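Residue numbers (UniProt numbering): 1 to 286.
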Amino acid sequence: MLRLLAAHSILTCDQITGQDGQTQRSYGLASVGKYFLQNEDGVSFAPLLRINLEKYILECWKFLKDVTLEGGFSCKKAFGKHLFELLADDDDMSKSFNDAMSTYTTLIMNQVLETYKGFEGVSQVVDVGGGVGTNLKLIVSKHPQIRGINFDLPQVIKDAVPCPGVEHVAGDMFTEIPKAEVIFMKSMLHDWGDDRCLKLLKVCYDALHENGKIVSVESIIPEIPETDIITKTIFQRDVALFHILPGAKERTKQEFEALAKQAGFSSLKIVCRVYNHWVMEICKAD
């Protein structure tokens, strides 16, 4: 196993000679290993790698051809359920998923908060689909004047960790969400088809104050495929979404604008980019 990892440059391998004249191999962590060690925020890429090796993800990939030719989604074909139903029924699977999403959120959000200045002067934020509360923990620590409401499904909220300035609230985002000055959503819209996205945006519209806005962090695909590394990673995730979740997909700027307009919003503005994610402001009024 050590030789295999060394052959893939995950470990280093040196041959050393002892005082007795005998040689032996000495293994160490190669530079790529830093990504699997916890950083100053206590996160690493390990949970993200682990989630992609979970049985329910690997099993879904077997049905990519069937979904492409016949329609449907692979999670249903493999397990007879939506992915989020599987997570609700399996605590270990749910923990693995939540750990991966929390890690992913921390890595992205630290840079978002360094780049995006739209939370300055805001007093209240509702994070829709906020998981165990990682987004709001980071937002409130950067902007302590904000009172946060972390909103997600009951089976997710039960694992949320108490955090000063953040209230955890369980519910169904397609029915009703707490009233909000600002609604925050990260990587939420790409989980759903256009009909469900439109319904979610309308619920958000009703929950927002008169001059409120949605701050949405999503990947945006170009109209014509490009060959840079950012576009490649987005299209790779687009294929994964396409076959695992019904209707899920990455979208172009024009597709986001069309959904926002149909939901009643007056404007959509792209504010900045962090890695392969863009921060959009979807405003209720001009």
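All residues carry an ideal CB built from backbone N, CA and C; glycine is no exception.
The structure presented is a predicted model; accordingly, all values stated were derived computationally and were not measured.
- Under a 10 Å Cβ-count criterion, Val32 is classified as exposed, with fewer than 16 other Cβ atoms of the shown protein chains found around its own Cβ.
- By the neighbour-count criterion, in which a residue is buried when 16 or more other Cβ atoms sit within 10 angstroms of its Cβ, Tyr104 is buried.
- Taking each of Gln124, Gln254, Pro225 in turn and checking the Cα distance to Lys179, the smallest one comes out for Gln124.
- Excluding the 5 residues flanking it on each side, Lys95 has same chain C-beta neighbours closer than 8 Å at Asp159, in chain order.
- Annotation for Ala248: no beta strand (DSSP E) segment contains it, and DSSP assigns it neither H nor E.
- About 18 Å separates the beta carbons of Glu281 and Gly148, which is beyond the 8 Å limit, so they are not a contact pair.
- Bounds of any alpha helix (DSSP H) do not take in Ser187, whose DSSP letter is neither H nor E.
- If one requires a minimum length of 3 residues, the beta strand (DSSP E) runs lying completely within the region 124-202 are 124-128, 147-152, 166-170, 180-186, in chain order.
- The Cβ neighbour count for Met185, taken over all protein chains shown within 10 Å, is at least 16; the residue is labelled buried.
- Under the 10 Å beta carbon count, Ile57 is surrounded by 16 or more other beta carbons and is classified as buried.
- By the neighbour-count criterion, in which 16 or more other beta carbons inside 10 Å mark a residue as buried, Met1 falls on the exposed side.
- Ser216: not part of any alpha helix (DSSP H); member of the beta strand (DSSP E) spanning 208-218, first to last residue.
- The shortest C-alpha to C-alpha distance from Asn135 to any of Gly121, Phe151, Thr68, Gln145 is the one to Phe151.
- Distance between Ala207 and Val217, taken at the CA atoms: about 19 Å.
- Straight-line measurement puts the Cα of Gln254 at about 22 Å from the Cα of Ile229.
- Val156 is classed as buried because its beta carbon has at least 16 other beta carbons within 10 Å across all chains shown.
- In the DSSP annotation of this structure, Leu11 is not part of any alpha helix (DSSP H); the continuous beta strand (DSSP E) holding it starts and ends at 11-17.
- Ranked by Cα distance from Glu250, the options Ala30, Thr227, Trp278 are led by Trp278.
- Between Arg50 and Ala88, the gap from beta carbon to beta carbon reaches 8 Å or more.
- For Glu54 against Met93, the beta-carbon gap comes to about 7 Å, under 8 Å, which counts as contact.
- Distance from the CA of Thr231 to the CA of Ile177, rounded to the nearest whole angstrom, comes to 33 Å.
- Going by beta carbons, Pro154 and Ala170 fall inside the 8 Å limit.
- Counted as a single uninterrupted DSSP element, the alpha helix (DSSP H) harbouring Ile51 occupies residues 46-52.
- The DSSP-derived three-state label of Leu83 is helix.
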